[in-house]
Structures are given as C-alpha cells and as structure tokens.
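Novice:
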Amino acid sequence: MKRNSYMLFILAMIGTLPAYAQWAIKPGKLTTEWALKVSPANTWQQYPRPQLQREHWLNLNGLWEYIVQAKNLPAPVKYEGKILVPFCIESSLSGVAKSFGPEDRLYYKRTFVVPKNWGNRNVLLNFDAVDWSAAVWVNGAYVGSHKGGYDRFTFDITPYLSNSGSNEVLVAVDDPTSTGTQARGKQQLPQQGIWYTPVSGIWQTVWLEAVPKQGWLSELRITPDVDRNTVQIIPLSNQPLRPSYQVSIKVSTAGKIIAEGKTEVNKESVIALAKPHLWSPNDPFLYDLTLTLTDSSGQVVDVIKSYFGMRKISLGMVNGIQQIMLNNKPVFQYGTLDQGWWPDGLHTPPSEEAMAFDIIKTKEMGFNMIRKHIKVEPDRWYYDCDRLGMLVWQDMPSGMGIDTNNGGKKPIHLQHLAKDEPDLNRESESTAQFEWELRRMIDQHYNSPSIVTWVPLNEGWGQYATERIANTVKALDPTRLTDAISGWSLRPAGDLTDLHTYQPTLDIPPAGKERAAVIGEFGGIGWPVKGHLWNPAMRNWGYQTYQTQAELLKHYKLKFAQILNMKKNKGLSAAVYTQTIDVEGEVNGLITYDRKVMKIPATVLKDLHNQLQLE
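So the sequence shown is numbered by the numbering used here: it starts at 21 and just counts up by one.
1. Does N646 come out as helix, strand or coil in the three-state DSSP assignment?
2. Suppose you measure from the CA of R650 to the CA of W547; what does that come to, to the nearest Å?
3. Would you mind stating whether Y354 and L553 have Cβ atoms separated by less than 8 angstroms?
4. For L190 versus P304, is the C-beta distance shorter than 8 angstroms?
5. Comparing C-alpha positions only, which one of D406, I390, E397, S506 sits nearest to L437?
6. I need the straight-line Cα distance from L50 to R615, nearest angstrom please.
7. Which residue from S165, I109, F132, A203 puts its Cα closest to that of S184?
8. Short check: CB of V156 to CB of S165, under 8 angstroms?
9. Mapping the DSSP letters down to three states, classify H575 as helix, strand or coil.
10. Since Y563 and N608 should fall inside the 8 angstroms C-beta cutoff, what is the C-beta to C-beta distance between them, to a whole number of angstroms?
11. Return the residue from the list S300, G480, E479, D378 that minimises the CA-CA distance to L411.
12. In the DSSP output, which residue or residues are listed as bridge partners for E373?
13. Let me check one thing: in DSSP terms, what residues is V133 bridge-paired to?
14. Identify, in the order they occur along the chain, each residue of the same chain with its Cβ nearer than 6 angstroms to the Cβ of V88, setting aside the five sequence neighbours on each side.
15. What residues in its chain sit with their C-beta under 6 angstroms from that of E85, if we drop five residues either side in the sequence?
16. Under the rule that 16 or more other beta-carbon atoms within 10 Å means buried, what is D247, buried or exposed?
17. Can the beta-carbon of L306 be found closer than 8 angstroms to that of I269?
18. Tell me whether H520 sits in a helix, a strand or coil according to DSSP, three-state version.
19. Under 7 angstroms Cβ to Cβ from V219, same chain only, skipping five residues before and after it: list those, please.
20. Buried or exposed for R241, going by 16 or more other Cβ atoms inside 10 Å?
21. Could you work out which residue in K282, N339, K57, D171 is closest to K587 when comparing CA atoms only?
22. Determine which residues share a DSSP beta bridge with D124 and list them.
23. Are E10 and N146 touching if we call contact CB-CB under 8 angstroms?
24. Report the three-state DSSP secondary structure of D415 (helix, strand or coil).
25. Looking only at C-alpha atoms, which of Q567, W474, K118, N388 sits nearest to A504?
26. Is it true that the CB of T568 sits closer than 8 angstroms to the CB of P363?
27. Using 8 angstroms as the cut-off, can you tell me whether the region 463-478 makes contact with the region 491-503, which would need three or more C-beta pairs spanning the two stretches below that distance?
28. Can you tell me which of V323, S593, V603 puts its alpha carbon nearest to the alpha carbon of S238?
29. Under a Cβ-count criterion, where at least 16 other Cβ atoms within 10 Å of its own Cβ denotes burial, should I291 be classed as buried or exposed?
30. Can Q224 and P47 be called in contact, C-beta distance under 8 angstroms?
31. If we ignore side chains and look at the alpha-carbon of each, how far apart do T612 and Q212 end up?
32. On the CB-based measure, 16 or more other CB atoms within 10 Å of its CB, does Q523 come out buried or exposed?
33. Would you say T623 and G543 are within 8 angstroms of each other, going by their C-beta atoms?
34. Under a three-way DSSP split, which group does F454 fall into?
35. Over the uninterrupted alpha helix (DSSP H) stretch that includes N491, give me the two end residues.
36. Rounded to the nearest angstrom, how far is the Cβ of T356 from that of V596, given a contact under 8 angstroms?
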C-alpha cells in the first residue's frame with residue numbers, strides 16, 4: 021500500500037510539473053552552443069514579421085501535444101507526447117527526433133486564450149512555415165488548409181473562437197518529402213551525399229494577431245527609386261474598403277519625421293526624400309515607416325510599423341561588358357553558398373542569436389553577399405541581413421520534374437540535365453504549385469533591401485520552361501536581377517550567365533553585352549575536423565578534401581587567386597564560394613556544422629578578400 025501511495029504521489033507531482041519539465045533536447049550527433057539555452061519558455065519569442073508589425077499579438081511557440089499515425093486513421097483522441105514548436109519533428113530540439121514518412125500524418129494540438137485587452141477585434145492565426153501540407157481546426161471546426169513548405173499563411177479564426185475563454189487548435193500535416201513533386205530543396209529519404217535529413221511539420225513561428233473588424237492593412241509593397249529620390253508605397257487591404265478610408269504614411273529616422281504621404285488603400289503613394297541615405301553593405305541604413313489607416317470619420321482603424329532601404333540593383337556597361345551595379349556603381353559581389361541547416365534544429369536555427377551568427381561571421385570573413393541556397397528563411401533572417409548589410413541572392417527551393425523526352429512518364433528526382441538536353445516537361449498540377457510558391461517567395465520578401473537577385477532554378481534540378489520562368493520572375497519584380505538558371509544547363513534568359521566550377525582550375529564564364537558573368541558556385545574544399553563531424557563513420561566529403569588547415573588555406577588561396585584575376589581581367593561580376601557551414605556529410609564549409617571551429621581565421625580571409633575592393 022505504501023509503495024502504491026508513493027507511486028500515486030509521484031504521478032500527481034508529474035502532473036503539476038511546469039511545461040519545460042516535460043521537454044528535453046534529444047541527444048543528437050552534434051549540438052550548437054545556442055541549443056543548450058533553448059527552453060519552451062524562450063523559444064523564438066521575437067516579433068516574427070518585422071516589415072509589418074502590429075501592437076497586439078500572441079506567440080504560440082512552445083510545447084504542443086503531438087502524435088504520428090497512419091494517414092488512413094481517424095483524428096486522434098490521445099497523443100503520444102510533447103513537441104517543441106517551431107522545431108520540426110525530425111530535429112533534436114523538437115524533443116522528439118523521429119523520422120517521418122510519406123505514409124504518416126502528424127497531428128499537433130494546443131490550447132490558447134485570447135487576451136482580454138484585444139477587445140472587439142478579429143483574431144488571425146498565423147503560420148510562418150509548415151512543411152508541407154497543413155489542415156487546421158479551431159474548437160473542432162475546420163478553418164482551412166495550405167500547401168507549401170516555405171511561405172507564411174493566415175486564417176481568420178474569429179468565427180470559431182469560444183466565448184468560454186479557452187480555445188483549442190488542431191493541425192494535421194502530411195509531407196511526401198522526396199516521394200513527391202513539391203519544392204523541398206536538399207531534403208531526401210534516405211539522406212546521403214549532398215542530400216540532408218528531411219524537415220516535416222511546423223518549423224517556423226505560430227502566432228495570433230489582433231486586427232480591426234472592419235478591415236486591415238494586410239500587405240505593403242515598398243519600391244525605392246534611387247534615381248528619382250523617391251519611394252513608392254502601396255498599402256494593401258484584406259478586403260475592399262471605401263475610398264473614404266485613407267492611409268497616412270510617415271517616414272522617419274531616429275524618431276524624427278522626414279517625409280509624409282497619403283493615399284487610399286490599394287493605391288500607390290510616391291514620397292520624395294531629400295538627399296536620401298542609400299543602403300549598402302558598408303552602410304546598411306534603414307528608414308522607419310509608420311502607416312495609419314483611418315475611416316471616413318477620421319477614426320484610426322489600423323496602425324502598422326515597417327522599414328525600408330534606399331537601394332538600386334541593376335546592370336551597367338563597363339568597358340563594353342555588362343557588370344552588376346549597386347546604386348549605379350559597379351560592385352563586385354563575393355559571397356558564400358549558405359544552406360541554412362543546423363545540426364540540432366535542421367531548418368530552424370536554435371535562436372535568432374544563432375541565426376545572426378552566420379551572417380555576422382560571413383561579414384567578418386570579408387564577404388558582402390550570401391547565396392541562400394534552395395531554402396527560404398524566416399522573415400527575421402532577411403531583417404538581420406537588412407540591418408547588418410548583407411547582399412542576398414535568394415534561391416527558390418527546387419523540386420523535381422517529369423521526363424517525357426525519352427518516351428514514357430518518368431519521375432526525375434533533382435536530375436542534373438546535360439548541357440545539350442532540353443528542359444524537362446512537367447505535369448500541370450506540380451507546375452502550378454511550384455510557380456505559386458515561387459510567386460509567394462517573391463511577394464513575401466519583395467520589401468527586403470538585402471535581396472538583390474532571384475534564382476528560380478538551380479543546375480538541372482527539376483529544370484523546366486527556363487525562359488518562361490525567368491521572364492515571369494522579371495515581370496513580378498523588375499527591380500532586381502534574375503539568375504534564370506544557376507549552373508550547368510544554361511539558357512538565353514535572365515540577367516546573368518552563371519557557371520558552377522569546382523575543379524582546381526576554374527572555368528571562366530563568358531562576359532558579354534547582354535548578361536553579366538558570374539560564378540554561382542566554386543570551391544567546395546573539404547576539411548573534416550575531428551570532433552565536429554555529423555557522422556565520423558560516414559564519407560565526409562568535399563569536391564577536393566584535405567586533412568589540415570594549412571592544406572585548406574593553400575588551396576583556397578589558389579582558387580581565390582583565379583577569382584581575383586577574373587574580376588580584374590575577365591569581366592567577372594560575382595562569385596559564390598561553397599560554402600559557409602559544413603552540413604551533415606559535407607565538410608566543405610568555412611565553419612564546422614556545430615559552429616564551433618572557424619577553419620580559416622576570419623582575419624586571414626578578410627585580408628585576402630580586401631583585394632577585391634568590395635563595397
């Protein structure tokens with residue numbers, strides 16, 4: 021009896037333990053220092069959307085109930101444990117670290133209470149990213165679904181909220197990973213070589229937002245015009261509003277209003293700026309922006325805060341060849357290929373401090389650009405690039421195509437097309453989904469001054485309709501450069517001629533009068549640092565692999581000297597070194613996967629890179 025009473029006491033005590041006591045990071049292959057600071061109480065608590073901020077919001081990150089079960093089973097009654105949102109189920113930081121297959125369905129559940137001070141406002145439920153297909157219920161009522169692993173989506177859940185105070189949200193997620201045609205970047209089942217651990221489920225912040233009942237500002241489109249010293253601002257509303265609704269716009273710096281404008285919703289306001297302070301990597305100046313929506317009586321309906329940078333990216337002729345220009349001056353762009361993977365969080369960094377570390381170290385090494393490789397980051401990553409001064413080439417995550425060129429409908433998994441092969445043909449449903457997600461990426465990150473180039477296709481991976489895709493991207497955003505296809509299967513499209521070259525003696529892209537010449541990937545020099553490997557027993561590889569820092573530095577200098585020569589004598593406009601960080605079996609990073617070892621001192625690299633005379 022005494023033993024049974026003791027066990028009942030222990031069980032009762034477990035039921036009263038705080039939430040964080042029900043979670044622990046799963047031991048993984050590698051752990052970063054920031055992962056050790058993570059808890060359910062502090063997980064990604066920053067405002068998640070810096071370019072459209074409101075006063076009233078509630079973070080829903082933290083512990084949710086979860087269960088994984090077969091797709092053909094009904095919704096669960098019981099759950100198998102707790103998962104830390106927003107870390108994917110495969111990650112150590114989720115506290116689960118389970119594999120997830122295309123036959124599985126992942127359910128999440130939690131309760132929340134809408135703050136009383138939100139008054140008579142509508143409540144939006146925001147998901148910043150879920151991989152891949154999500155369906156959502158609130159208090160048992162179905163509110164909507166979404167497909168796409170990298171874009172944020174929102175539901176107005178006001179009609180479904182309970183008057184009793186407590187509300188329940190249920191999310192069901194399917195993810196075909198590498199068995200489907202969806203955009204997924206480097207995820208693969210099973211992971212091997214240059215393919216990495218899959219990411220399934222919620223992997224960015226989930227949050228609530230209070231908005232006015234009669235309508236609200238749902239989106240901004242900000243376009244700087246350096247040549248005219250103006251900025252065009254288009255405030256967009258969630259629904260049609262009367263013309264009597266007005267939006268007043270205030271541009272400020274250091275708390276002082278320097279320019280103002282006024283417009284109707286969904287119409288442009290062009291605001292003149294006297295002697296605008298231009299944004300650049302060496303001077304990443306940002307203007308503050310406040311927009312106030314008023315109704316016909318002049319009553320304030322909605323207030324949002326944002327920011328922008330005055331920056332122009334273009335091509336220009338220099339000595340008879342096209343060069344990349346920043347603010348009408350030729351600026352060589354030298355960057356790293358950045359995969360954005362973490363040993364403990366996979367797609368999700370442990371914290372914003374961790375996320376910013378990669379950008380800061382890249383700058384300290386003397387690079388002025390990052391090519392974000394076939395992954396779209398959380399909004400705050402772009403904000404960090406905006407405020408820290410980092411040029412960004414943004415890839416669209418690649419997927420797959422359908423090969424009908426050789427007869428028969430054969431799935432092509434991230435195939436590299438040969439130079440003489442035609443583009444793949446692709447089934448219409450997956451084409452529509454890919455192009456929908458491509459457009460979402462461009463629309464949702466249009467306002468970031470750091471983004472200067474869109475890269476819709478990488479090498480030959482699922483490459484189809486290259487010229488049409490490039491023209492579509494350019495039509496969606498004529499203010500930036502379009503790198504139609506980065507690597508091998510080049511086509512006469514876009515603004516750049518982009519080669520990938522990993523051999524010791526680098527290929528030279530042809531400089532011309534139509535497109536600027538760039539090397540979208542080179543380097544790939546590996547050094548497996550013992551004690552910092554994802555899996556010491558596996559083949560840890562680079563395109564050339566060496567065993568000491570001295571060898572790594574020697575061969576880096578040999579390749580860099582060729583880049584320097586191409587810049588000075590061959591008209592090269594940009595180059596991207598592979599890569600910033602080791603990732604799983606790839607050891608060709610300048611920093612180990614756990615971010616604990618700089619393979620070459622930053623000061624040594626910066627001294628080298630100063631020869632490029634970067635902006």
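In this text, a Cβ means the ideal position worked out from N, Cα and C, and glycines have one as well.
Specialist: Quick look at the numbers:
1. In the structure as shown, the chain starts at 21 and stops at 635, and residue 646 therefore has no counterpart that could be examined.
2. Outside the modelled stretch of the chain, which goes from 21 to 635, sits residue 650, for which no answer is possible.
3. The count along the sequence shown starts at 1 and reaches residue 354 at position 334. The count along the sequence shown starts at 1 and reaches residue 553 at position 533. Cβ atoms of Y354 and L553: not closer than 8 angstroms.
4. Counting from one through the sequence shown, the residue named residue 190 turns up at place 170. Counting from one through the sequence shown, the residue named residue 304 turns up at place 284. No, Cβ-Cβ distance for L190 and P304 is not below 8 angstroms.
5. Counted from its first residue, the sequence shown places residue 437 at position 417. Checking every option, the nearest Cα to that of L437 belongs to S506.
6. If you number the sequence shown from 1, residue 50 lands on position 30. If you number the sequence shown from 1, residue 615 lands on position 595. Their Cα atoms are separated by approximately 10 angstroms.
7. As a position in the sequence shown, residue 184 is number 164, starting the count at 1. Among S165, I109, F132, A203, the Cα nearest to that of S184 belongs to F132.
8. Residue mapping note: residue 156 aligns to position 136 of the sequence shown, counting from 1. Residue mapping note: residue 165 aligns to position 145 of the sequence shown, counting from 1. Yes.
9. As a working note, residue 575 is residue 555 in the sequence shown. Note: H575 maps to helix in three-state DSSP.
10. Within the sequence shown, numbered from 1, the residue matching residue 563 stands at position 543. Within the sequence shown, numbered from 1, the residue matching residue 608 stands at position 588. That belief holds up - the Cβ atoms of Y563 and N608 are roughly 7 angstroms apart, short of 8 angstroms.
11. Translated into positions along the sequence shown, residue 411 becomes position 391. Checked all of S300, G480, E479, D378; the closest Cα to L411 is S300.
12. Within the sequence shown, residue 373 is the residue found at index 353, counting from 1. E373 pairs with nothing; no bridge assigned.
13. For this step, residue 133 is matched to residue 113 along the sequence shown. Its beta-bridge partners are S186.
14. As a first step, residue 88 must be located in the sequence shown, where it is residue number 68. Excluding sequence neighbours, V88 sits near D124, L126.
15. Your numbering for residue 85 matches position 65 in the sequence shown. Hits under 6 angstroms: Y99, K129.
16. In the sequence shown, residue 247 corresponds to position 227, counting from 1. Burial call: exposed.
17. Mapped onto the sequence shown, residue 306 falls at position 286. Mapped onto the sequence shown, residue 269 falls at position 249. Going by C-beta atoms, L306 is not nearer than 8 angstroms to I269.
18. Start at 1 with the first residue of the sequence shown, and residue 520 comes out as number 500. Reduced to three states, the DSSP call for H520 is strand.
19. Position 199 of the sequence shown, counted from the start, is the residue given in the question as residue 219. Counting only Cβ-Cβ distances below 7 angstroms, and skipping sequence neighbours, we find C108, E110, D151, Q207, L366, H367.
20. Position 221 of the sequence shown holds residue 241. Answer is exposed; the Cβ neighbour count stays below 16.
21. Here the question's residue 587 lines up with position 567 in the sequence shown. Ranking the options by Cα distance to K587, first place goes to N339.
22. Walking along the sequence shown from the start, residue 124 turns up at place 104. Partner(s): A90.
23. Summary: the structure shown does not reach residue 10, with the chain confined to residues 21 through 635, and so no result is reported for it.
24. For the purposes of this step, residue 415 is identified with residue 395 of the sequence shown, where counting begins at 1. Here D415 sits in strand by DSSP.
25. Indexing the sequence shown from 1 puts residue 504 at position 484. Considering only alpha carbons, the answer is W474.
26. Taking the sequence shown and counting its residues from 1, the one referred to as residue 363 is at position 343. Taking the sequence shown and counting its residues from 1, the one referred to as residue 568 is at position 548. No, the pair does not count as a contact, with Cβ atoms beyond the cut-off.
27. yes
28. The residue you call residue 238 lines up with position 218 of the sequence shown. The residue with the shortest Cα to Cα distance from S238 is V323.
29. For the purposes of this step, residue 291 is identified with residue 271 of the sequence shown, where counting begins at 1. When all chains shown are included, I291 counts as buried.
30. Numbered from its first residue, the sequence shown carries residue 224 at position 204. Numbered from its first residue, the sequence shown carries residue 47 at position 27. Cβ atoms of Q224 and P47: not closer than 8 angstroms.
31. Taking the sequence shown and counting its residues from 1, one reaches residue 612 at position 592. Taking the sequence shown and counting its residues from 1, one reaches residue 212 at position 192. Rounded to whole angstroms, T612 to Q212 spans 18 angstroms at the Cα level.
32. Indexing the sequence shown from 1 puts residue 523 at position 503. Q523 is exposed by the Cβ-count criterion.
33. Counting from one through the sequence shown, the residue named residue 623 turns up at place 603. Counting from one through the sequence shown, the residue named residue 543 turns up at place 523. For T623 and G543, no; Cβs fall outside 8 angstroms.
34. Residue mapping note: residue 454 aligns to position 434 of the sequence shown, counting from 1. In the three-state DSSP reduction, F454 falls in the helix class (H, G or I).
35. By 1-based counting over the sequence shown, the position of residue 491 is 471. First-last of the alpha helix (DSSP H) with N491: 486-496.
36. The sequence position of residue 356 within the sequence shown is 336, counting from 1. The sequence position of residue 596 within the sequence shown is 576, counting from 1. Confirmed, Cβ separation roughly 7 angstroms.
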